[in-house]
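Numbering (the numbering used here), first residue to last: 19 to 151. Using N, Cα and C, we set each Cβ at its ideal position, and we do this for glycine too. Given the structure is predicted, the values throughout are model-derived calculations rather than measurements. To keep things clear, I will list the structure first and then write my remarks on it.
As structure tokens, then:
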């Protein structure tokens, strides 16, 4: 239940290009989220990539720490806050979570913000579904 498997990681360059060229995005500080409904069926409900700017955090140790905390917060909340609402709507997403904060925050802060981000993402997907119809 609380896993983060290979199928859930976004590695496909073609999908990444499509995500950044034609996807929607929003800000939920300290994260910037880009998302796109999956063009073809995929194994996982959501495929996600996490990124931290090298320009802002020069040391790899800092970037890895931020990515580790972000992935952990995602892993803990994804099932109840993201997968269940998306499966009810029969949707699959491609997702990018970029850390744009100016300082390295503790896990409790990132955890709270990740939960808020997932709720906001589900609302946007829901709104885009009924705006298109």
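Check, Outcome
"Between which two residues does the beta strand (DSSP E) containing residue 116 stretch?", "111-117"
"Could you pull the start and end residues of the beta strand (DSSP E) that residue 55 belongs to?", "49-55"
"Report the three-state DSSP secondary structure of residue 22 (helix, strand or coil).", "coil"
"Expressed to the nearest angstrom, what Euclidean distance is found between the alpha-carbon atoms of residue 38 and residue 124?", "28 angstroms"
"I'd like the list of long-range same chain contacts for residue 25, defined as Cβ closer than 6 angstroms, with 5 residues on each side in sequence excluded.", "61, 62"
"In the DSSP assignment, find the unbroken beta strand (DSSP E) run with residue 65 in it and report its ends.", "64-70"
"Would you mind stating whether residue 52 and residue 113 have Cβ atoms separated by less than 9 angstroms?", "yes"
"Do you know whose CA, among 108, 109, 127, 111, lies nearest residue 117's CA?", "127"
"Do you know offhand how far residue 95's Cα is from residue 59's?", "23 angstroms"
"Taking the alpha carbon of residue 142 as the point to measure from, which residue in 120, 84, 109, 69 has its own alpha carbon closest?", "109"
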